[in-house]
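Participant: Order-wise, the sequence lines are chains E and Y. Just remember that the working numbering sits 45 ahead of the position in the first sequence, which is counted from 1. Just remember that the working numbering sits 45 ahead of the position in the second sequence, which is counted from 1. Think of the CB as a built atom: it goes at the ideal place given N, C-alpha and C, for glycine as much as any other residue. Take this structure first; my questions come after.
There are 2 protein chains.
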Amino acid sequence: MQNQNHSRPTLEDVARKAGVSTATVSRCLSHPAKVRPALRQKVEEAVNQLGYTPHGAARALASSRTNAIGAVIPTLSNAIFANVVQTLQREVAAAGRTLLLAASDYDMAREADQIRDLVVRGVDGLMLTGEDRDRSVYQLLQKRRIRYVNTYVFHPGSENPSIGFDNRGAMAKLVAYLHDLGHRRFAMIAGLTAQNDRARERVEGTKAALAARGLEAVAILERAYGLDAGRDALRRLMRGDAPPSAVLCGNDVLALGALLEAGRLGIAVPAELSIAGFDDLDVAREIPPGLTTIHAPLEEMGRQAASYLMRQEAKEASVHHVELPAELVVRGSTGPAPSQDGP
Amino acid sequence: MQNQNHSRPTLEDVARKAGVSTATVSRCLSHPAKVRPALRQKVEEAVNQLGYTPHGAARALASSRTNAIGAVIPTLSNAIFANVVQTLQREVAAAGRTLLLAASDYDMAREADQIRDLVVRGVDGLMLTGEDRDRSVYQLLQKRRIRYVNTYVFHPGSENPSIGFDNRGAMAKLVAYLHDLGHRRFAMIAGLTAQNDRARERVEGTKAALAARGLEAVAILERAYGLDAGRDALRRLMRGDAPPSAVLCGNDVLALGALLEAGRLGIAVPAELSIAGFDDLDVAREIPPGLTTIHAPLEEMGRQAASYLMRQEAKEASVHHVELPAELVVRGSTGPAPSQDGP
DNA sequence: ATCCTGTTTGCAAGCGCTTACATTTTGTGC
DNA sequence: GCACAAAATGTAAGCGCTTGCAAACAGGAT
Numbered sequence: 046m047q048n049q050n051h052s053r054p055t056l057e058d059v060a061r062k063a064g065v066s067t068a069t070v071s072r073c074l075s076h077p078a079k080v081r082p083a084l085r086q087k088v089e090e091a092v093n094q095l096g097y098t099p100h101g102a103a104r105a106l107a108s109s110r111t112n113a114i115g116a117v118i119p120t121l122s123n124a125i126f127a128n129v130v131q132t133l134q135r136e137v138a139a140a141g142r143t144l145l146l147a148a149s150d151y152d153m154a155r156e157a158d159q160i161r162d163l164v165v166r167g168v169d170g171l172m173l174t175g176e177d178r179d180r181s182v183y184q185l186l187q188k189r190r191i192r193y194v195n196t197y198v199f200h201p202g203s204e205n206p207s208i209g210f211d212n213r214g215a216m217a218k219l220v221a222y223l224h225d226l227g228h229r230r231f232a233m234i235a236g237l238t239a240q241n242d243r244a245r246e247r248v249e250g251t252k253a254a255l256a257a258r259g260l261e262a263v264a265i266l267e268r269a270y271g272l273d274a275g276r277d278a279l280r281r282l283m284r285g286d287a288p289p290s291a292v293l294c295g296n297d298v299l300a301l302g303a304l305l306e307a308g309r310l311g312i313a314v315p316a317e318l319s320i321a322g323f324d325d326l327d328v329a330r331e332i333p334p335g336l337t338t339i340h341a342p343l344e345e346m347g348r349q350a351a352s353y354l355m356r357q358e359a360k361e362a363s364v365h366h367v368e369l370p371a372e373l374v375v376r377g378s379t380g381p382a383p384s385q386d387g388p
Numbered sequence: 046m047q048n049q050n051h052s053r054p055t056l057e058d059v060a061r062k063a064g065v066s067t068a069t070v071s072r073c074l075s076h077p078a079k080v081r082p083a084l085r086q087k088v089e090e091a092v093n094q095l096g097y098t099p100h101g102a103a104r105a106l107a108s109s110r111t112n113a114i115g116a117v118i119p120t121l122s123n124a125i126f127a128n129v130v131q132t133l134q135r136e137v138a139a140a141g142r143t144l145l146l147a148a149s150d151y152d153m154a155r156e157a158d159q160i161r162d163l164v165v166r167g168v169d170g171l172m173l174t175g176e177d178r179d180r181s182v183y184q185l186l187q188k189r190r191i192r193y194v195n196t197y198v199f200h201p202g203s204e205n206p207s208i209g210f211d212n213r214g215a216m217a218k219l220v221a222y223l224h225d226l227g228h229r230r231f232a233m234i235a236g237l238t239a240q241n242d243r244a245r246e247r248v249e250g251t252k253a254a255l256a257a258r259g260l261e262a263v264a265i266l267e268r269a270y271g272l273d274a275g276r277d278a279l280r281r282l283m284r285g286d287a288p289p290s291a292v293l294c295g296n297d298v299l300a301l302g303a304l305l306e307a308g309r310l311g312i313a314v315p316a317e318l319s320i321a322g323f324d325d326l327d328v329a330r331e332i333p334p335g336l337t338t339i340h341a342p343l344e345e346m347g348r349q350a351a352s353y354l355m356r357q358e359a360k361e362a363s364v365h366h367v368e369l370p371a372e373l374v375v376r377g378s379t380g381p382a383p384s385q386d387g388p
């Protein structure tokens, strides 16, 4: 007669055992300050004895808050997303919330499905990657009044909030730096731009910066993420009879591949060829001769995204576009252009 | 009068608009086959016109299933976890479920909290890392009848299901291989063993294998995850006047750091020093001279963990302990012991 | 004591959906 | 056409919790 049967105890069981109403138990659990210590203790005892745990769905239904934050990224296999998610999860957890994670594998249709799923699950906020997605997705988010933020991009003009860096501008810095070193023959090993506005912006930024100097890239190759892809691309670039003197890569992994392949081909870096990346992974600093790259402020982005979403949730006013600095980090993989390439 | 006010449409709104009962709408959404095409279409129209989306919490409460799978890992900043989570997420999503993710930062108390949180959220299954955790956590899981599985370990004797590899055995293979090459002076750069049974097993496996050959490690250093930690450890190891001829590392990142530092110190690998890792990250194959390591079958582990949890959910019988092979991959970073160290 | 104010507690109405079960409709064989 | 089984639909009772509101209580001030 004590325990109904074999199912999990409910709030009511606790209330009965503690000799109070369910309202009081609920308050003990959610707003302990509203309950006198004496009663609170009785309730806590009952909770422990019964091994009671709240029922999240019931709670969410009744209170219409889930305390969950969602994030949709392309993939965790790429460290730059894994690191941001790591930070986000930490921040979100510190605020007593849970992270719901989805990875779209760079597939926009899947991404849309995943966003819808997270909406159905009632996330209180949503971190998205990039800005490129179907209009209907944004409409849904707005209709459901779900706060969201685009990351890895900084689009101050957009109606969609963004926290990230200026991909175009960063590449422009890189071009300027290399141009000043005398480089004139540029090539790029870009990431796949198909469903990826960040990769696209990096290509565009490079093209624009070159054009502003009356130059055009010798070649722009697109490659999937991966060391061998970088190797392969570099091999192809250096094959012709007028190879580039500087190779800009869409990310550090491609750059690392290129660097390793240059080593294998016996091409001296940076004496014969300069190579630069984007992201500033740990390994960029460690690998000889050190990879010149753009530092992507990943931790800061994760932190800011988290705090933006929670601030929004608390209805605090806040800036909807945050630009994080993406600085040029010069290391050993870049240097003056070889003389025949100079001015 | 049409729309109640400004709040989101509910099942009832859809039912009214389509001129059917809420039960029918519910069935259209969850078991479309049980409803005649004619009606189904009317309902679908109403759904679209209203922009209706189901309410996950209500659904979960009424049906007592959440379609969510939880995972708790130490950190996403380590590729070996990121990759498994990536696979898990893919598999779980393919089965129409969502992944709830928590990272414990190698803190057991936090891990326990996160597991409890996921239990409250009603996950239908739970992927855990390693086996080491408080008894009360397992009790909770069992009491609540939540299927779970430990990964990265293979503990056939345990009452807790495990899908992973034999960390001890793998290190034994490595020791055997190097011993056969004539090495007698072994050192290890281990990961932090404090709250990490995998790291501990790797150390134990190494010690045991050495002991079986009448040897003892020259030194065993513990280091946090990171390239510089590996560098630092190697520097320390090589400082003495009887340095090791073989350095076993608890993971590839430490090994990579050690390898890079050896390069900087002008120590020839493998001629003067053999270095081996564990995990087989992409970069292990690419970095000259190639890192000898143990291949951790991460993808397979993610896949199997996912399918185990779903099979359990479907109450299908299944094996509760799966050993995945962790093979030795020999590359250029290991070779015969220098003569003064030989037999 | 008495009245008033401010707290603490209980009551009970949902939150939006699923699903037995009851009821109606449809289809079948004769 | 009719009786009957099978399929489709509707009815309504929850799922376990939160929370507005009312009732009960405590502590001063008078």
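Suppose the cutoff is 7 Å on Cβ atoms and the five residues either side in sequence are ignored; what does the same chain contact list for K79/Y look like?
Facilitator: Hits under 7 Å: R72.
Participant: CB D273/Y to CB G302/Y, shorter than 8 Å?
Facilitator: Yes, Cβ-Cβ distance for D273/Y and G302/Y is below 8 Å.
Participant: Quick check: is the beta carbon of P333/Y nearer than 8 Å to any beta carbon in chain E?
Facilitator: Output row for P333/Y: interface = yes.
Participant: Where in the segment 165–195 of chain E do unbroken runs of the beta strand (DSSP E), each at least 3 residues long, occur, reported from the N-terminal end onward?
Facilitator: List check, beta strand (DSSP E) in window: 170–174.
Participant: I'd like to check one pair, R110/E with D162/E: are the Cβ atoms closer than 8 Å?
Facilitator: Going by C-beta atoms, D162/E is not nearer than 8 Å to R110/E.
Participant: Grouping DSSP H, G and I as helix and E and B as strand, with all else coil, what is E344/E?
Facilitator: Of the three classes helix, strand and coil, the one that applies to E344/E here is helix, per DSSP.
Participant: Using DSSP's beta-bridge definition, name the partner residues of G236/Y.
Facilitator: According to DSSP, which records beta bridges pairwise, G236/Y is partnered with R268/Y.
Participant: Are the C-beta atoms of V92/Y and some chain E residue less than 8 Å apart?
Facilitator: Taking Cβ atoms only, chain E never reaches closer than 8 Å to V92/Y, which makes this a no.
Participant: What residues in its chain sit with their C-beta under 8 Å from that of E89/Y, if we drop five residues either side in the sequence?
Facilitator: C73.
Participant: For L171/E, does the count of other Cβ atoms within 10 angstroms reach 16, so buried, or fall short, so exposed?
Facilitator: Buried, by the Cβ-count rule.
Participant: Over what stretch of residues does the beta strand (DSSP E) that includes S108/Y continue unbroken?
Facilitator: Taken as a continuous stretch (DSSP letters only), S108/Y belongs to no beta strand (DSSP E), being part of the alpha helix (DSSP H) at 101–108.
Participant: Counting along the chain, where does the alpha helix (DSSP H) carrying L255/E start and finish?
Facilitator: It spans 242–256 - the alpha helix (DSSP H) in which L255/E sits, taken as one unbroken run.
Participant: Tell me the rounded alpha-carbon separation between R135/E and S122/Y.
Facilitator: If you take the alpha carbons of R135/E and S122/Y, they lie about 12 Å apart.
Participant: Whose C-beta lies closer than 6 Å to the C-beta of P201/E among residues of the same chain, with five residues either side of it excluded?
Facilitator: Hits under 6 Å: H366.
Participant: Could one say the Cβ of V194/E lies closer than 8 Å to chain Y's Cβ atoms, at least one of them?
Facilitator: Cβ-Cβ to chain Y under 8 Å: no for V194/E.
Participant: What is the DSSP secondary structure of A374/E, counted as helix, strand or coil?
Facilitator: The question names Ala, but residue 374/E is Val in the sequence shown. DSSP places V374/E in strand when its eight states are reduced to three.
Participant: Can you give the Cα-Cα distance for N205/Y and A63/Y, rounded to whole angstroms?
Facilitator: Answer to the nearest angstrom: the Cα atoms are 50 Å apart.
Participant: Report buried or exposed for G250/Y, applying the criterion of at least 16 other Cβ atoms within 10 angstroms of its Cβ.
Facilitator: Buried, since its Cβ has 16 or more Cβ neighbours within 10 Å.
Participant: Is it right to say D286/Y is buried, meaning 16 or more other beta carbons lie within 10 angstroms of its own, or is it exposed?
Facilitator: The residue is exposed, with fewer than 16 neighbouring Cβ atoms inside 10 Å.
Participant: Using beta carbons (cut-off 8 Å, strictly below), is N241/Y in contact with chain E?
Facilitator: Output row for N241/Y: interface = no.
Participant: Compare the beta carbon distance of G295/E and A244/E with 8 Å and say whether it is the shorter of the two.
Facilitator: A contact, by the Cβ cut-off of 8 Å.
Participant: Indicate whether at least one CB of chain Y lies closer than 8 Å to the CB of K188/E.
Facilitator: True, the Cβ-Cβ gap to chain Y drops below 8 Å.
Participant: Which bits of chain Y does Q134/E rub up against, with CB to CB less than 8 Å?
Facilitator: The contacting residues are L121, L146, A147, A148.
Participant: Interface residues of chain E around V165/Y at Cβ under 7 Å?
Facilitator: The contacting residues are T98, P99, G101.
Participant: Counting only C-beta atoms, is D327/E closer than 8 Å to chain Y at any point?
Facilitator: Closer than 8 Å: yes.
Participant: Output the boundary residues of the alpha helix (DSSP H) element that contains I125/Y.
Facilitator: Residues 124–139.
Participant: Give every residue of the same chain whose Cβ lies closer than 6 Å to the Cβ of A217/Y, excluding the five residues on either side of it in the sequence, and list them in chain order.
Facilitator: Taken in chain order, the residues that qualify are G250, A254.
Participant: Are any of the Cβ atoms in chain E nearer than 8 Å to that of A138/Y?
Facilitator: So, interface residue.
Participant: Taking 8 Å as the threshold (C-beta atoms), are Q94/E and M153/E in contact?
Facilitator: Going by C-beta atoms, M153/E is not nearer than 8 Å to Q94/E.
Participant: Hey, is L106/Y's beta-carbon within less than 8 Å of any beta-carbon in chain E?
Facilitator: It does; some Cβ of chain E falls within 8 Å.
Participant: Applying the criterion that 16 or more other CB atoms from any shown protein chain within 10 Å of the CB defines a buried residue, is H28/E buried or exposed?
Facilitator: There is no way to answer for residue 28/E, as the model of chain E reaches only from 46 to 388.
Participant: By the criterion of Cβ-Cβ separation under 9 Å, what are the contact partners of T55/Y in chain E?
Facilitator: Correct list: empty, because the minimum Cβ distance to chain E is about 12 Å.
Participant: Which term fits V364/Y, buried or exposed, when burial requires 16 or more other beta carbons within 10 angstroms of its beta carbon?
Facilitator: So V364/Y counts as exposed.
Participant: Using a Cβ distance threshold of 8 Å, determine whether the segment 347–354 of chain E contacts the segment 296–316 of chain E, with at least three qualifying pairs required.
Facilitator: Cβ pair count under 8 Å is below three, so no.
Participant: Within the same chain, show all residues whose beta-carbon is closer than 6 Å to that of M233/Y, passing over the 5 residues directly before and after it, in chain order.
Facilitator: Closer than 6 Å at the Cβ level, and outside the excluded window around M233/Y, lie T251, A262, I265, L293.
Participant: Taking Cβ-Cβ distances below 9 Å as the criterion, which residues of the segment 348–376 of chain E are in contact with chain Y?
Facilitator: Within the segment 348–376 of chain E, no residue qualifies.
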